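Peer 1: Below is a structure I'd like to ask you about.
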Amino acid sequence: MSRMTGSLTALGAIAVAAALTVCATQIGSLTHTAPATSSLPTTLGDPALTCPGPETLEVPEGGSAVNPGGAVVVSAVMAGTQAASGTIDVAGEASSLAGAAAKLLPSSSLKPKAGRSLDLSLKPQVGTTVGAEVGALAVSGLGPVRIEAAAGTGQVSKTVASSADSPLLAAVQSTVSASGDLRGLTVAQCGESSADTWLVGGGTKPGQRLRLMLTNDAATPAVADVDVYGPEGRVEAPAGDGVAVPAHGQVPLFVDALAPDLSRVVVHVTARTGRVRAVMHDSLMRGLYPGGVDDVSGSAAPAKRQLIPGVSLLAGQQWKAGDATSAGSSFVRVAVPGSEEAVVKVSLRDASGQVQLPAKAVQNVRAGSVVDIPLDGVPAGYYTAEVDADVPVVASAQVGRRGGTGKYLASEFGWAPATDPLSGEGVVALPAGPQVTLSVASVGEAGSLTVEAITADGKFLQPKTIQVARGATVAAGVPAGSVGLRFTAFEGGKLVASTVSTVNSQRGQMVSVVPVKVTAASSTRSVAAVSERLGLR
C-alpha cells in the first residue's frame, strides 16, 4: 500500500517575494455556496467550521505517519458589530511530533500559539461599524480542528435567534516546508461539512501519494461512500463503500491503495447518513526529488460550464510542451461523471478577456473518464480557466512551478478547483506568511465588489473596489501582513474568486490556490442528498 503524505498548513515569514507581476490593484485592505440539493428547513445556529488537522500524522491501520515538515497552523478571523467569543480546538489526542513541528514555524505578522486550543474574543470599539479578532494556533494535537464563534463574551454555547446576531467567521489551515519529501506549500480553507463533494486532483502512480481525510464534526456518526474515477472511467473500489466516520472523529483513506496506478484521479464523496468534510492531500516524488504537495479542496458540482479562477502561470514552467505529467506543468483536469460522452472546450480569461489556447482546447471525453488538457504557449499572468461542455462535468486546474536546476530538481504544484459565484457579504482568512494575490473573474456581465484587508491586530485597511469587465479576470495584490479579507458592496454581475499564495525559496517558488467562498455564517442547513444506494430520488 502506498504511503500517504500530507502537509497542511503553516505560515511563516520565509522570504516571500512575488515572482509574478500582479495585474492590478493593490488591495488596501479581502467566500461557497453549497450545491443546490433538496434541503430540509433551516435551523439557525452559531457559525462553526472544521479543518482536517495534521493529515500526514493520521493514518489507516497498517499505515505509517509522516512528519509534515512544518507547523500545521490554523488561522481564524472573526468579525462583527457586537461582542463575540470563539475557540479553535483540536478534537484528538496530543501529539509530540506535531508539537515538535510547531517549533519550526518561521516568524510572521500573526504569531501563532502552539497547543491544542485557542480562545478568541471580539470587542468592537465604540464608533466602529464592524470589528475583527484574529488568531492562529500551531496545532500540536491529532484529529480534526473545530473553529466556532457566538455572540456574547461567555462560553461558545449561545443559541442565536437571528443571523444578524452571529459574527462572521472564517479559518484556513496551512503548512510550509522548505525541504524534505513534503517540500511545498499547502493551504486549505476550513469549512462546513457536506453531503456531496467532488475532489478533482491527484494521481496514484508510483511516487504519488494521495490521502483522503473524512471528518465528521457532528455528535452522531456518519457513513460515506467514496467513488474513484480514472482515465478509463469509474474504478471498482469496494473498500470505499460505507465508510463509517465516528462522531467528532476522522477517518483517513489511502486513495493510492483504494485505486492504484491511475495517472489522473477524481474522487466523489457522498454521505449516506450525516455529513462529512472531505479534503485530499496530494504529494509527489519524482525519483529522489520532491515533486510538490497540495490539498485538493471540493470543486463545484457537475455543470455544463465551470469557472476556475486563480490559474497563475509562469513563463517557461513546462519542460515538455503538451505533456501534463512533466515537472512544473500546468493543465486543466476535466471529468465526465454521467453516462454520456462530452465535447469539452477549455479557454482562458485574462484582464483583456478570453484567450484561446494554441492547441488541444477542444476534446471529446468519454463518459466516466478523466482527462488533462495542458496549458501550453500561454504568457505569464493570472487567468481564469473556463470549461464549456455539452453535458455536466467537474473540473479543476493544476498550477505548476518548476524548481531549481543542477543538483536539486524540486518542483511544486497547486490545485485550483472550479468554484461557485460569490454570494453576500463575508470574510476570508489568509495564511500568515505567504504573499497572497486575489484573482477575481466575472461569470457573465461586468461586476464589482469592495474588499478590505484585515491586519494581524484586527484593523481594517482602506477599502478597495475591484471592477471586473465582462468575461475578464482581475488580479489584485493583498498587502503584506494581511491575515484576512472582508467582502462587501457587490454590484452588477456575479463574480468568482480564488486566492493564490506563494512563497519563494532558493529551490524555487511554492504555490497553493484556495477558492474564495463566502462564510457569512448565518445558519446551519440540513440537506437530504440523493443516493441510489438508499433508493432516494
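All the letters of the sequence shown, read from the start, carry residue numbers -24 to -1, 1 to 513 under mature numbering (1 follows the signal peptide of the UniProt record, and there is no 0). In this text, a Cβ means the ideal position worked out from N, Cα and C, and glycines have one as well. Being a predicted model, the structure only gives us computed values, none of them experimental.
Taking DSSP as the reference, what is the three-state secondary structure of Asp366?
Peer 2: Residue mapping note: residue 366 aligns to position 390 of the sequence shown, counting from 1. In this structure, Asp366 counts as strand in the three-state DSSP scheme.
Peer 1: Using the beta-carbon count (16 or more within 10 Å), is Val319 buried or exposed?
Peer 2: As a first step, residue 319 must be located in the sequence shown, where it is residue number 343. It counts as exposed.
Peer 1: State the Cα-Cα distance for the pair Thr249 and Thr151, rounded to the nearest angstrom.
Peer 2: The sequence position of residue 249 within the sequence shown is 273, counting from 1. The sequence position of residue 151 within the sequence shown is 175, counting from 1. Approximately 32 Å between the Cα atoms of the pair.
Peer 1: For Leu283 and Thr464, I'd like the C-alpha separation in whole angstroms.
Peer 2: Taking the first residue of the sequence shown as 1, we reach residue 283 at position 307. Taking the first residue of the sequence shown as 1, we reach residue 464 at position 488. Looking at the two C-alpha atoms, the distance is approximately 22 Å.
Peer 1: Smallest Cα separation from Asp396: which of Glu388, Val375, Ala371, Leu385?
Peer 2: By 1-based counting over the sequence shown, the position of residue 396 is 420. It is Ala371.
Peer 1: Quick check: the Cα distance between Pro439 and Gly167, rounded to an integer number of angstroms?
Peer 2: As a first step, residue 439 is located in the sequence shown; it is residue number 463 there, counting from the start. As a first step, residue 167 is located in the sequence shown; it is residue number 191 there, counting from the start. Between Pro439 and Gly167, the C-alpha separation is close to 26 Å.
Peer 1: Tell me, please, whether the segment 468 to 482 touches the segment 408 to 419 by the rule of three or more beta-carbon pairs shorter than 8 Å.
Peer 2: As far as the Cβ criterion goes, the segment 468 to 482 touches the segment 408 to 419, which means the pair count is three or higher.
Peer 1: Give the range of the alpha helix (DSSP H) segment to which Leu234 is assigned.
Peer 2: Numbered from its first residue, the sequence shown carries residue 234 at position 258. Start and end: 231 to 234.
Peer 1: By DSSP, does Gly29 sit in helix, in strand, or in coil?
Peer 2: The sequence position of residue 29 within the sequence shown is 53, counting from 1. Gly29: coil per DSSP, three-state reduction.
Peer 1: For Met256 versus Asp271, is the C-beta distance shorter than 8 Å?
Peer 2: As a working mapping, residue 256 is identified with position 280 in the sequence shown. As a working mapping, residue 271 is identified with position 295 in the sequence shown. Their beta carbons are under 8 Å apart, which means Met256 touches Asp271 by this criterion.
Peer 1: In three-state DSSP terms, what is Pro393?
Peer 2: Residue mapping note: residue 393 aligns to position 417 of the sequence shown, counting from 1. Looking at Pro393 - three-state DSSP - the assignment turns out to be strand.
Peer 1: Hey, would you say Ile442 sits closer than 8 Å to Ala108, going by beta carbons?
Peer 2: Position 466 of the sequence shown holds residue 442. Position 132 of the sequence shown holds residue 108. No; because the gap between Cβ atoms is not below 8 Å, this pair is not in contact.
Peer 1: To the nearest angstrom, how far is it from the Cα of Lys321 to the Cα of Ala365?
Peer 2: Within the sequence shown, the letter at position 345 stands for residue 321. Within the sequence shown, the letter at position 389 stands for residue 365. If you take the alpha carbons of Lys321 and Ala365, they lie about 6 Å apart.
Peer 1: Is it the case that the Cβ atoms of Ala171 and Arg251 are separated by a distance below 8 Å?
Peer 2: Indexing the sequence shown from 1 puts residue 171 at position 195. Indexing the sequence shown from 1 puts residue 251 at position 275. In contact: Ala171 and Arg251 (Cβ atoms closer than 8 Å).
Peer 1: Note down the Cα distance separating Val243 from Ala432, rounded to an integer number of angstroms.
Peer 2: Along the sequence shown, one-based indexing puts residue 243 at 267. Along the sequence shown, one-based indexing puts residue 432 at 456. Roughly 36 Å separates the two Cα atoms.
Peer 1: Mind the definition here: the segment 404 to 412 touches the segment 452 to 461 only if three or more C-beta pairs lie below 8 Å; say whether that holds.
Peer 2: Judged by Cβ distances under 8 Å, the segment 404 to 412 makes contact with the segment 452 to 461, as three or more pairs qualify.
Peer 1: Alpha carbon to alpha carbon, how far is Ile349 from Ser93?
Peer 2: Along the sequence shown, one-based indexing puts residue 349 at 373. Along the sequence shown, one-based indexing puts residue 93 at 117. Approximately 43 Å between the Cα atoms of the pair.
Peer 1: Gly420 by DSSP, collapsed to three states: which one?
Peer 2: Taking the first residue of the sequence shown as 1, we reach residue 420 at position 444. Three-state result, Gly420: coil.
Peer 1: Can you find a C-beta in chain C that's less than 8 Å from the C-beta of Val416?
Peer 2: Absent here is chain C; the protein component of the structure consists of one chain.
Peer 1: By the 10 Å Cβ neighbour count, where 16 or more other Cβ atoms means buried, how is Asn192 classified, buried or exposed?
Peer 2: Along the sequence shown, one-based indexing puts residue 192 at 216. Counting Cβ neighbours within 10 Å, Asn192 comes out buried, since at least 16 surround it.
Peer 1: Given Val221, which residues of its chain have a CB within under 8 Å of its CB, disregarding the five upstream and five downstream residues?
Peer 2: Here residue 221 corresponds to residue number 245 of the sequence shown, with the count starting at 1. Excluding positions up to five away in sequence, the list reads Leu190, Thr191, Asn192, Pro197, Ala198, Val199, Ala200, Val227, Gly250, Val252.
Peer 1: Give me the residue from Met54, Asp217, Val245, Leu260 with the minimum Cα distance to Asp232.
Peer 2: The residue given as residue 232 occupies position 256 in the sequence shown. Nearest option by C-alpha distance: Leu260.
Peer 1: Could you tell me how far apart the beta carbons of Leu289 and Leu188 are, in whole angstroms, since I believe they sit closer than 8 Å?
Peer 2: Reading the sequence shown from its first residue, position 313 is the one you call residue 289. Reading the sequence shown from its first residue, position 212 is the one you call residue 188. Between Leu188 and Leu289 the Cβ distance is about 28 Å, and since that is not below 8 Å, they are no contact.
Peer 1: I'd like to know if the segment 84 to 99 and the segment 56 to 73 are in contact, where contact means that at least 3 CB-CB pairs between them fall below 8 Å.
Peer 2: Output reads yes: the segment 56 to 73 touches the segment 84 to 99.
Peer 1: Can you tell me whether Lys493 is buried or exposed? The criterion is at least 16 other CB atoms within 10 Å of its CB, across all chains shown.
Peer 2: As a first step, residue 493 must be located in the sequence shown, where it is residue number 517. Result: buried.
Peer 1: So the candidates are Val245, Gly128, Val148; which of them puts its Cα closest to the Cα of Val163?
Peer 2: Residue numbering aside, residue 163 sits at position 187 when the sequence shown is read from its first letter. The residue with the shortest Cα to Cα distance from Val163 is Val148.
Peer 1: With H, G and I counted as helix, E and B as strand and the rest as coil, what does DSSP make of Ala496?
Peer 2: Numbered from 1 along the sequence shown, position 520 holds the residue referred to as residue 496. With a pLDDT of only 47 at Ala496, under the threshold of 50, the placement of this residue in the model should not be trusted, and no figure is reported.
Peer 1: In the DSSP assignment, what are the bridge partners of Gln149?
Peer 2: For the purposes of this step, residue 149 is taken as the residue at position 173 of the sequence shown. Answer is Val50, Ala164.
Peer 1: Would Thr105 be called buried (16 or more neighbouring beta carbons within 10 Å of its own) or exposed?
Peer 2: Translated into the one-based positions of the sequence shown, residue 105 becomes position 129. Looking at its Cβ environment, which holds fewer than 16 other Cβ atoms inside 10 Å, Thr105 is exposed.
Peer 1: Taking its Cβ as the centre, do 16 or more other Cβ atoms sit within 10 Å of Asn340, making it buried, or is it exposed?
Peer 2: The count along the sequence shown starts at 1 and reaches residue 340 at position 364. Exposed.
Peer 1: Exposed or buried, what is Leu264 when buried is set at 16 or more other beta-carbons lying within 10 Å of its beta-carbon?
Peer 2: The residue you call residue 264 lines up with position 288 of the sequence shown. That one is exposed.
Peer 1: Could you spell out where the beta strand (DSSP E) holding residue 515 opens and where it closes?
Peer 2: Past the edges of the chain, shown from -24 to 513, lies residue 515, and the structure says nothing about it.
Peer 1: Can you name, in chain order, every residue of its own chain whose Cβ lies under 6 Å from the Cβ of Thr426, other than the five neighbours on each side?
Peer 2: As a working mapping, residue 426 is identified with position 450 in the sequence shown. Counting only Cβ-Cβ distances below 6 Å, and skipping sequence neighbours, we find Pro439, Thr441, Thr464, Ala465.
Peer 1: Please list the terminal residues of the continuous beta strand (DSSP E) segment that includes Leu289.
Peer 2: Position 313 of the sequence shown, counted from the first residue, corresponds to residue 289. Note, Leu289: beta strand (DSSP E), 279 to 289.
Peer 1: When burial is assigned at 16 or more other CB atoms within 10 Å of the CB, is Val487 buried or exposed?
Peer 2: For the purposes of this step, residue 487 is taken as residue 511 along the sequence shown, with counting starting at 1. Its Cβ being crowded by 16 or more others within 10 Å, Val487 is buried.
Peer 1: With a threshold of 6 Å on Cβ separation, who are the neighbours of Pro455 within its own chain once the five nearest residues in sequence on each side are excluded?
Peer 2: Locating residue 455 in the sequence shown gives position 479, where the first residue counts as 1. Answer for Pro455: Ala429, listed in chain order.
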